[in-house]
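Presented below is the structure to which this report refers.
Protein chains in written order, with this note's numbering: chain A, 1063 to 1428; chain B, 1063 to 1428.
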């Protein structure tokens, strides 16, 4: 554990990637709570020998699940939390009464340097607001953003914001561009990621005022980025740029629309491949290829919140055991990528003219 | 031909569905122009014995393509147009200099009662603005909307607006709900379609101001609709409601994101199924099922513009021969659905309080 010397969860990029790592988990989050989280932990730890876990939540419920799982002894510490934040609780309410909940405690462990990152499948708005309050923003960051990693034929597109900020002005979109670019470099080792702004067409006059103004700043405002202009919805899975920036409303809808389309297609494919003896035989012969295919087209089930002094990942609420285990593996990887210091360094590239707005509004939560 | 008696392209719903029908086509529209449009016409006419076509555009170029195609003689009339609207032309510019272009003439033929509908794969913004100017809006409609038909496991979701109106206030979203519901009833024979409003969560407090206000009006404003509240991005392909309403920015991004995801998945699937001898053999055995699968998951390549005195369909710009032929078949079907009179009847259901705004701004184009 090197956490005491690294309270903000920022690791030296030259650090040994197999050094010990602690993940703090909201064991009560998501639609299923400990009954999914605990077996997922057992699954993930089997592949992550250097990781130990802090499990926050109802001790009795967690213990009961641990008795059914294996490989957790000596690698998990339970931290009892009396209360839970409901999936439909408003962020403002979660901030008022959140102290002492499993989510709050999971994030607090990151601030206290007891864990390298926190993972929750709970209420997104509450997790965002609580993380923002407890960990505070890096430097001049105005609002943290949720980032999704979308697969394409030859790699990953970093796509943000996917739901944390419903209303975004031009300044915020530029901030997301800087954070997303820094994150992509740290997480995927690309020296100079390319950046695009999501719009309804590629011509300069397209889109609403915010997106046109952000385009102008990124082109002329002296932000040192490899900015490629407007991109469209189908570019998210095309890989024509590394980072795609949008507001949290559009990003959330697009992300879920793509997830839904993938689920629909996979369901129809399964139906097509069990329809009659030839198709079924074909399916059996192609089975291992199809499983690899499914793995490749599935986006990681965890989205980091960028811009905080510490790492918090949101796992989707309906995650099953396999999804939550994948989220823990993603958390371990991102925690060791040094992305936070990369973001801090890069936020200094925001033009001076844009900075004051950030400083002024960085105090209030949610 | 019953067009002279039916100048707005509105047919009696009890009309004989095999009666003659004229489609007016912008032969120069799209990325490929006549080289795709003309062979697509030949393909579509083979299945549509009751249809004849007006082809607007460069007569020499159209004739050259017609010599290579078969089955067009006596069923196609060429209307020479000197000029073409460029794919990147601004709508305002297209309005100023559009007269005499192939797109303008294609829409004009609908107003003149010479055709039942117009189809163009050209510039979306220009087509929307020109159609609005030439055909004018039905009754109290404030702004026409582009509607996409998204496949789901057991039917079609009507999804609008997918790109015509980038900025939408609450009143406009309510108008889209009324038009979309009427269109779904006419096009798919569902007596009382269910309607949802696209948002980032299903709770009442979620989303931006416009979507929350539209939700309030649809719940409490006396609009006679089977309104089911907020839905999310993955509901578009779930089929939980028949009609999903959103602004043109979000709708365009979501539609293209889903199209991109489907294309990516299909590409990966093909790669997986040709990867090694077992997979390839499996692919060959399952081939016909996979082709049916592909057909089922592909959304129709043409989107009607709702709210006009006449039918105009936008086909996507990169359409190939197969896509444009499908667009013509879709046009023939929609033209006979009686949807326009259904919309006109239903717009009267908009609460009186909402109507004046519409009347006031219905005059200006684009």
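We put the beta carbon where it would ideally sit given N, CA and C, even for glycine. Predicted model only: the values in this text are computed from it and were never measured.
Quiz item: What are the partner residues of residue 1088 (chain B), as DSSP defines its beta bridges?
Solution: B:1118
Exercise. Please work out which residues of its chain come closer than 7 Å, Cβ to Cβ, to residue 1217 (chain A), disregarding the five sequence neighbours upstream and downstream, and give them in chain order.
Key: 1301
Quiz prompt | Anticipated Cβ contact below 8 Å, residue 1246 (chain A) with residue 1252 (chain A), distance rounded | solution = 6 Å
Quiz item: Which whole-angstrom value describes the C-beta separation of residue 1272 (chain A) and residue 1230 (chain A), a residue pair presumed to lie in contact below a C-beta threshold of 8 Å?
Solution: 6 Å
Exercise. Buried or exposed for residue 1286 (chain B), please, with buried defined as at least 16 other CB atoms from any protein chain shown within 10 angstroms of its CB.
Key: exposed
Quiz item: Is DSSP giving residue 1385 (chain B) helix, strand or coil here?
Solution: helix
Practice problem: Report yes or no: do the region 1345-1357 of chain A and the region 1195-1204 of chain A share at least 3 C-beta pairs separated by less than 8 Å? | Solution: no
Quiz item: Taking the runs of the alpha helix (DSSP H) that are 4 residues or longer, which of them lie wholly in the region 1253-1309 of chain A?
Solution: 1271-1282
Practice problem: Specify the secondary structure class of residue 1141 (chain A) as computed by DSSP and reduced to three states. | Solution: strand
Quiz item: Is the CB of residue 1078 (chain A) under 8 Å away from at least one CB in chain B?
Solution: A caution first: residue 1078 (chain A) carries a pLDDT of 44, below 50, which makes its placement in the model too unreliable to give a value.
Exercise. Whole angstroms is fine: what's the gap from residue 1386 (chain B)'s alpha carbon to residue 1093 (chain B)'s?
Key: 12 Å
Quiz prompt | First and last residue of the uninterrupted alpha helix (DSSP H) at residue 1096 (chain A) | solution = 1096-1109
Quiz item: Is any beta-carbon of chain B found at less than 8 Å from that of residue 1386 (chain A)?
Solution: no
Quiz prompt | Per-residue DSSP class, three states only, for residue 1163 (chain A) | solution = strand
Quiz item: Between A:1364, A:1163 and A:1242, which lies nearest to residue 1406 (chain A) when the distance is taken from Cα to Cα?
Solution: A:1242
Quiz item: Using a Cβ-Cβ distance under 8 Å, would residue 1165 (chain A) count as near chain B?
Solution: no
Quiz item: Smallest Cα separation from residue 1212 (chain B): which of A:1390, A:1389, A:1339 and A:1320?
Solution: A:1320
Practice problem: Within its chain, find whatever has a CB closer than 6 Å to the CB of residue 1288 (chain B); leave out the 5 residues flanking it on each side and keep chain order. | Solution: 1254 and 1256
Practice problem: For residue 1082 (chain A), decide whether its Cβ has a neighbour in chain B, counting only Cβ atoms nearer than 8 Å. | Solution: no
Quiz item: What three-state label does DSSP hand residue 1217 (chain B) in the structure shown?
Solution: strand
Quiz item: Shorter than 8 Å from the beta carbon of residue 1411 (chain B) to some beta carbon of chain A?
Solution: no
Quiz item: Looking at the unbroken alpha helix (DSSP H) that takes in residue 1193 (chain B), where does it start and where does it end?
Solution: 1186-1197
Self-check item: Three-way DSSP call (helix, strand, coil) for residue 1134 (chain A) in this model
Solution: coil
Practice problem: Could you spell out the range, first to last residue, of the alpha helix (DSSP H) harbouring residue 1405 (chain B)? | Solution: 1401-1409
Quiz item: Which one of B:1364, B:1353 and B:1332 has the shortest CA to CA distance from residue 1352 (chain A)?
Solution: B:1332
Exercise. Say whether chain A places a C-beta atom closer than 8 Å to the C-beta of residue 1436 (chain B).
Key: Past the edges of chain B, shown from 1063 to 1428, lies residue 1436 (chain B), and the structure says nothing about it.
Quiz item: Between which two residues does the alpha helix (DSSP H) harbouring residue 1177 (chain A) extend?
Solution: Careful: residue 1177 (chain A) lies outside any alpha helix (DSSP H) and carries neither H nor E.
Exercise. To the nearest angstrom, report how far apart residue 1134 (chain A) and residue 1090 (chain A) are at their CA atoms.
Key: 18 Å
Quiz item: For the putative contact between residue 1326 (chain A) and residue 1250 (chain B), defined by C-beta atoms under 8 Å, what is the C-beta separation to the nearest angstrom?
Solution: At roughly 18 Å, the Cβ-Cβ gap does not stay under 8 Å, so residue 1326 (chain A) and residue 1250 (chain B) are not in contact.
Quiz item: Using 8 Å as the limit for Cβ to Cβ distance, is residue 1341 (chain B) near chain A?
Solution: yes
Quiz item: Using a Cβ-Cβ distance under 8 Å, would residue 1354 (chain B) count as near chain E?
Solution: The structure shown contains no chain E; the protein chains it does contain are A and B.
Quiz item: Does the region 1116-1126 of chain B come within contact of the region 1135-1144 of chain B, defined as at least 3 CB pairs closer than 8 Å?
Solution: yes
Quiz item: When the cut-off is 8 Å and only beta carbons count, does residue 1256 (chain A) lie next to chain B?
Solution: no
Self-check item: residue 1366 (chain A) (DSSP reduced to helix, strand or coil)
Solution: strand
Quiz item: Hey, how far is the Cα of residue 1222 (chain B) from the Cα of residue 1206 (chain B)?
Solution: 10 Å
Quiz item: Is it right to say residue 1122 (chain B) is buried, meaning 16 or more other beta carbons lie within 10 angstroms of its own, or is it exposed?
Solution: exposed
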